[in-house]
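Before any comments, here is the structure.
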Amino acid sequence: MTGNEEVASALFDRRSDAERAVEHLVQEHGIERAHILLAPVGEENSAGTIANGSDAARADAADCERSDAPSNGCIELTVGLAAEKRGGVERSLAECGGRSAAG
27 MTGNEEVASA
37 LFDRRSDAER
47 AVEHLVQEHG
57 IERAHILLAP
67 VGEENSAGTI
77 ANGSDAARAD
87 AADCERSDAP
97 SNGCIELTVG
107 LAAEKRGGVE
117 RSLAECGGRS
127 AAG
């Protein structure tokens, strides 16, 4: 990393929101996918803390909540970026449902 590069990170409750944030970073901010890391917080695999999409129960089968999608914590997105992109990147992360991973 050079002197004007930084790291930004955010926590997401839904993996789909984190994946949407990746697309925003690539398409709107020109950040290469190789500079973006998605990982569960903690040692166990996780799809996030809130089930959605195919992991959520169907509306017509409320008692059929899926149990095969791991829900072991948040998803953390970490991205290396040029210092001048920080403000726009942080706004995009927040718009996609991310919250600060600091402290």
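First residue of the sequence shown? That's 27 in my numbering, and the numbers climb one at a time after it. Note that the Cβ used here is the ideal one computed from N, Cα and C, for glycine as well.
| Query | Result |
| --- | --- |
| Beta-carbon spacing of Ser35, Glu102 below 8 Å | yes |
| Beta-carbon proximity list for Val67, same chain, < 6 Å, skipping 5 on both sides | Gly99, Cys100, Glu102 |
| Other residues of its chain near Gly114: CB distance less than 7 Å, five sequence neighbours each side excluded | His55 |
| Whether Ser118 touches Leu37 by CB criterion (8 Å) | no |
| Spatial distance of Asn30 from Leu64 (CA atoms) | 23 Å |
| Classification of Arg41 by the beta-carbon crowding that lies within 10 angstroms, buried from 16 upward | buried |
| Chain-order list of residues whose beta-carbon lies under 6 Å from that of Ala87 (same chain, five-residue window excluded) | Any reading at Ala87 must be qualified, since the residue scores a pLDDT of 48, below 50, and its modelled position is unreliable; no value is offered. |
| Contact under 8 Å by Cβ, Leu127 with Glu32 | Checking the sequence shown, residue 127 turns out to be Ala, not Leu. Contact flag unset, no. |
| Other residues of its chain near Arg46: CB distance less than 7 Å, five sequence neighbours each side excluded | Cys122 |
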